[in-house]
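One structure is given below, encoded as structure tokens.
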Amino acid sequence: MAEARFWERIRAGLSRTREGLLAQISAVFQGQKSGELLAKLEEALLSADVGPEETSRILKALEEKLPARFDWNELLDAVEQIIAAELKKAERAFSLPSGLSVLLFVGVNGSGKTTTVAKVGKWLSMEGRKPLLVAADTFRAAAIDQLKELGAAVELEVVAQKPGADPGAVVHDALAHAKVSGYDVVLVDTAGRLQTKKPLMEELGKIRRVVEKLLGRPPDERILVVDATVGQNAVSQAQLFHEAVELTGMVVTKLDGTARGGAVLPVVRKLGLPILWLGVGKEMEDLVPFRAEDFARALVRG
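Residues 20 to 321 (my numbering) are what the sequence shown spells out, left to right.
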């Protein structure tokens with residue numbers, strides 16, 4: 020999918036967030052700053068799951084930025100610019116060192132993690148890399164089968180063992196295979212059952228140690244896959260996984276139908292995590308590198 024078409028999907032996906040935001044403030048808009056306008060804007064931002072701290076920052080910046088009187092476009096421009104400036108901190112061009120690299124993907128079940136692993140694998144393949152996919156979510160047989168099917172769809176090899184196998188051993192064998200077979204990037208899918216937090220975090224820690232032992236460094240990227248529809252819960256999810264593996268970035272998925280698109284702002288602010296890609300839909304091409312200005316425009320203007 021061409022990037023222009025993808026951003027059309029992003030804009031459409033964020034329509035529920037955008038419509039909720041604009042409907043509330045347009046009802047009281049009179050071309051000047053007022054307590055009623057700011058109160059409605061605050062309500063709209065909170066409804067979009069921007070969060071109280073980020074909402075407060077946006078409102079303060081807006082009061083400083085806007086003149087005494089302004090038209091509708093000036094108001095939207097100001098909101099867009101403030102959000103874009105916040106999200107600029109989350110922009111980072113994705114790059115990997117030469118030689119064998121490891122990408123560790125984490126996230127709760129249902130976040131679109133396994134699909135994202137395959138999407139990123141395809142993206143890397145199109146960038147000239149030779150990816151190997153690893154099914155280290157051995158707790159769920161369905162996750163292993165899903166990655167095998169997706170790997171076949173994008174024509175990438177998948178290393179997998181039987182359900183219940185030790186995830187650390189699966190990763191160990193995959194890295195050994197990658198070294199002798201000429202792969203230059205290994206993408207590891209992991210379990211995401213937060214209801215068993217302690218065993219899961221221990222499992223992720225073990226996988227990290229396996230990589231460190233074989234490569235002399237932790238996984239090059241520890242990527243959180245977060246479902247945009249969970250809103251503020253994304254913050255607590257990110258904090259839990261950050262404790263386990265020291266996250267380096269995230270992928271935001273399921274942007275094609277959420278009223279909570281603003282939740283990326285508090286995650287970026289609280290953890291300082293870059294957003295590497297955005298995902299919309301289930302097609303393997305439905306992935307695009309994150310751009311702050313484009314996202315802010317899609318959120319505010321469509």
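Built from N, CA and C at the ideal position, the CB exists for glycine as well. Predicted, not measured: the structure shown is a model, and the values here were computed from it.
Cα-Cα separation, residue i to residue j
i      : j      : result
Lys225 : Glu82  : 49 Å
Glu16  : Lys289 : The requested residue 16 does not occur in the structure, where the chain is confined to residues 20 to 321.
Trp26  : Ala317 : 8 Å
Pro182 : Phe260 : 23 Å
Ala42  : Leu85  : 20 Å
Val229 : Arg236 : 10 Å
Leu40  : Glu93  : 16 Å
Ala46  : Ser130 : 35 Å
Met20  : Asp96  : The predicted position of Met20 is uncertain, since its pLDDT is 49 and thus under 50; a value taken from the coordinates is nonetheless stated next. The alpha-carbon atoms of Met20 and Asp96 are separated by roughly 29 Å.
Ala247 : Val136 : 17 Å
Asp156 : Ala109 : 28 Å
Glu61  : Lys132 : 32 Å
Leu266 : Val249 : 19 Å
Asp164 : Glu262 : 29 Å
Val244 : Ser200 : 28 Å
Ala103 : Pro308 : 15 Å
Gly211 : Met269 : 15 Å
Glu105 : Phe48  : 24 Å
Arg111 : Ala171 : 30 Å
Gly300 : Phe113 : 21 Å
Close-in-space but distant-in-sequence residues of the same chain around residue i (CB under 6 Å, 5 per side omitted)
i      : result
Tyr202 : Lys149, Leu151
Leu375 : The requested residue 375 does not occur in the structure, where the chain is confined to residues 20 to 321.
Glu302 : none
Ile101 : Ile77, Ala80
Lys59  : Gln43, Ile44, Val47
Whole-number beta carbon distance between residue j and residue i, since they are thought to touch under 8 Å
i      : j      : result
Gly298 : Val271 : 7 Å
Leu2   : Val205 : This structure cannot settle anything about residue 2, because the visible part of the chain is limited to 20 through 321.
Ile242 : Leu123 : 7 Å
Ala87  : Gln51  : 6 Å
Val283 : Ala257 : The Cβ separation is near 10 Å, so there is no contact.
Val189 : Ala154 : 7 Å
Ala197 : Leu119 : 6 Å
Boundaries of the beta strand (DSSP E) in which residue i is found, first to last residue
i      : result
Gly187 : Here Gly187 belongs to no beta strand (DSSP E); instead the alpha helix (DSSP H) covers 186 to 200.
Ser120 : 120 to 125
Leu274 : First-last for Leu274: undefined, no H or E at that position.
Sequence-distant residues of its chain with Cβ nearer than 8 Å to residue i (five each side left out)
i      : result
Asp313 : Trp26, Ile29
Val125 : Lys132, Thr209, Gly211, Leu223, Arg241, Ile242, Leu243, Val244, Phe260, Ala263, Val264, Leu266
Terminal residues of the alpha helix (DSSP H) in which residue i lies
i      : result
Leu115 : Counting along the chain, Leu115 falls outside any alpha helix (DSSP H), and DSSP gives it neither H nor E.
Asp96  : 91 to 106
Arg28  : 22 to 32
Asp3   : As displayed, the chain neither begins before 20 nor continues past 321, which places residue 3 out of reach and without an answer.
Ala154 : Run containing Ala154: none in the alpha helix (DSSP H); it sits in the beta strand (DSSP E), 150 to 154.
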